[in-house]
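Numbering (the working numbering), first residue to last: 1 to 339.
Using N, Cα and C, we set each Cβ at its ideal position, and we do this for glycine too.
Down below is the structure, laid out as structure tokens.
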Amino acid sequence: MVTFQKILITGGAGFIGSNFIPFFLQKNSTTQLVNLDNLTYAGDLSNLKEIENNSNYTFVKGDICDRKLIEKLFDKYQFDGVIHFAAESHVDNSISNPGAFINTNITGTFNLIDVAKSHWMSAPFQLIEGKENNRFHHISTDEVYGTLGETGLFTEQTPYAPNSPYSASKASSDFIVRSYYHTYGMNVVTTNCSNNYGPKQHDEKLIPTIIRKAISGESIPVYGDGQNIRDWLYVLDHCKGIDFVYNKGKKGFTYNIGGKNERNNLYIVNTICSILDDIIPNKSSYKNQITFVKDRPGHDFRYAIDASKIENELSWKADENFESGIRKTIDWYLDKYNN
Ligand code: NAD
Numbered sequence: 001m002v003t004f005q006k007i008l009i010t011g012g013a014g015f016i017g018s019n020f021i022p023f024f025l026q027k028n029s030t031t032q033l034v035n036l037d038n039l040t041y042a043g044d045l046s047n048l049k050e051i052e053n054n055s056n057y058t059f060v061k062g063d064i065c066d067r068k069l070i071e072k073l074f075d076k077y078q079f080d081g082v083i084h085f086a087a088e089s090h091v092d093n094s095i096s097n098p099g100a101f102i103n104t105n106i107t108g109t110f111n112l113i114d115v116a117k118s119h120w121m122s123a124p125f126q127l128i129e130g131k132e133n134n135r136f137h138h139i140s141t142d143e144v145y146g147t148l149g150e151t152g153l154f155t156e157q158t159p160y161a162p163n164s165p166y167s168a169s170k171a172s173s174d175f176i177v178r179s180y181y182h183t184y185g186m187n188v189v190t191t192n193c194s195n196n197y198g199p200k201q202h203d204e205k206l207i208p209t210i211i212r213k214a215i216s217g218e219s220i221p222v223y224g225d226g227q228n229i230r231d232w233l234y235v236l237d238h239c240k241g242i243d244f245v246y247n248k249g250k251k252g253f254t255y256n257i258g259g260k261n262e263r264n265n266l267y268i269v270n271t272i273c274s275i276l277d278d279i280i281p282n283k284s285s286y287k288n289q290i291t292f293v294k295d296r297p298g299h300d301f302r303y304a305i306d307a308s309k310i311e312n313e314l315s316w317k318a319d320e321n322f323e324s325g326i327r328k329t330i331d332w333y334l335d336k337y338n339n
């Protein structure tokens with residue numbers, strides 16, 4: 001007899017979740033996914049059109065801060081696992097409206113893990129029979145480590161030093177999840193990933209903004225002098241990493257995920273403009289639209305991940321580098337913006 005695993009996905013209508021769900025359903029035909037998302041401005045169900053009629057997929061509109069609802073869903077579906085993506089995720093918004101980040105990222109994470117604990121455990125370090133393998137996977141960011149200078153990499157041992165309300169709220173949620181492992185013996189894993197890019201990202205983020213502004217003839221804004229460095233990872237590589245950790249990661253462990261693709265913002269914008277110059281040439285290069293704007297307050301200089309733990313222990317590695325992934329990404333956005 002085939003046993004169906006039931007997994008609660010939170011925030012599955014956002015950028016990474018909506019890439020993860022179709023990928024995971026295709027790979028695991030005996031898994032039922034329930035996607036809980038309250039469809040903030042960042043959630044878009046049209047990103048899940050390809051699987052909306054899949055019988056192993058259910059969408060529930062609701063807030064992770066609504067404890068009664070979470071209880072009801074656990075009672076109804078008896079989840080075997082949770083993969084928790086839901087978050088307020090845009091650093092700029094966390095500067096103008098930090099309260100929403102505290103609610104969703106901290107209180108919401110607490111609600112989820114606490115309800116999971118009460119359904120899976122009878123006492124600290126005592127799992128209810130049949131729930132021994134149930135797992136809570138918390139999706140987090142490398143931004144919890146703060147900023148790097150010209151050299152060095154974030155490892156799983158790097159002390160936390162978050163600098164924005166966004167990264168501080170994610171760091172808090174990481175600590176809550178950690179404490180449920182140490183205090184109650186819950187089966188948790190956390191992944192801290194670098195900057196993602198790829199299809200289905202919200203228009204507000206850097207790469208969609210560059211493409212959209214370029215093809216609409218507007219100025220392309222770049223913060224400060226464009227020297228800030230991020231370690232860019234193609235979103236499907238992140239999804240593959242999550243799948244590895246959810247299925248094979250060690251209980252209580254954290255794993256950094258990154259593609260060894262450090263690029264500064266000026267390189268990103270120039271590369272995208274060059275590719276657009278090639279495929280949809282304009283009278284003059286798109287690079288002429290680049291405009292430097294006032295830097296974001298507290299803008300971290302450099303993030304870079306040492307991913308050797310997930311590579312060596314779980315045999316994950318990124319399939320794309322920035323140059324291959326950005327071509328696929330541009331094709332996807334040109335399709336979106338031209339339709
Ligand atoms: P996103 O902003 O695109 O999507 C977030 C989703 O969560 C949206 O669908 C939104 O509607 C939903 N949501 C927000 N608040 C909610 C609430 N209170 N209840 C229910 N649903 C709610 O974010 P993303 O880029 O897909 O990021 C997903 C996760 O990955 C986040 O936890 C983020 O911190 C983490 N992460 C993102 C990146 C990145 O580069 N985007 C990198 C590393 C880690």
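Do SER173 and GLU143 have their beta-carbon atoms positioned less than 8 Å apart in this structure? no
Entirely within the stretch 168 to 237 and at least 4 residues each: give me those alpha helix (DSSP H) ranges in chain order. 206 to 215
Would you kindly check if the distance between the Cβ of HIS238 and the Cβ of ILE257 is under 8 Å? yes
Beta-bridge pairing of GLN289 - partner residues as DSSP gives them: Answer is none; GLN289 lacks a bridge partner.
Quick one: measure Cβ to Cβ for LEU266 and VAL222, integer angstroms, because I've assumed they're closer than 8 Å. 7 Å
With the cut-off set at 8 Å, would you say CYS193 and LEU236 are in Cβ contact? no
What distance in whole Å lies between the Cβ atoms of THR104 and TYR87, which are believed to be in contact at a cut-off of 8 Å? Here residue 87 turns out to be Ala, not Tyr, going by the sequence shown. Their Cβ separation, rounded to whole angstroms, is 6 Å, which keeps ALA87 and THR104 in contact under 8 Å.
Going by DSSP in three states, ASN312 sits in which element: helix, strand or coil? Helix at ASN312.
Where the alpha helix (DSSP H) through GLY17 begins and ends: 15 to 27
Taking the beta carbon of PHE301 as the centre, do at least 16 other beta carbons fall within 10 Å, making it buried, or is it exposed? exposed
Cβ-heavy atom distance between THR104 and the ligand NAD below 7 Å? It does: the Cβ of THR104 is within 7 Å (strictly closer) of some heavy atom of the ligand NAD.
Let me check understanding here. Comparing Cα to Cα, which of ILE51, GLN26, ASN38 lies closest to ILE64? ASN38
When every heavy atom of the ligand NAD is checked, does at least one fall within less than 7 Å of the C-beta of CYS193? Yes; taking the cut-off as 7 Å, the Cβ of CYS193 has a heavy atom of the ligand NAD nearer than that.
When you measure from the CB of LYS170 to every non-hydrogen atom of the ligand NAD, does any distance come out below 7 Å? yes
Return helix, strand or coil for ASN256, following the three-state DSSP convention. strand
Sorted by chain position, which residues of the same chain lie with C-beta nearer than 7 Å to ASN56's C-beta, five sequence neighbours on each side aside? LEU25, THR31, GLN32, LEU33
Helix or strand or just coil, what does DSSP make of ARG327? helix
Taking buried to mean at least 16 other C-beta atoms within 10 Å of its own C-beta, is GLN201 buried or exposed? With 16 or more other Cβ atoms inside 10 Å of its own Cβ, GLN201 counts as buried.
Below 8 Å CB to CB, which residues in the same chain sit around MET186 once its five sequence neighbours on both sides are set aside? ILE113, ALA116, LYS117, TRP120, MET121, PHE136, TYR180
Report yes if the C-beta of CYS65 is less than 7 Å from at least one heavy atom of the ligand NAD; otherwise report no. yes
Beta-bridge pairing of LEU127 - partner residues as DSSP gives them: According to the DSSP secondary-structure assignment, LEU127 is paired through a beta bridge with MET121.
Please confirm whether GLY325 and GLY198 have their CB atoms less than 8 Å apart. Between GLY325 and GLY198, the CB-CB gap stays under 8 Å.
Helix, strand or coil: how does DSSP classify ASN38 here? coil
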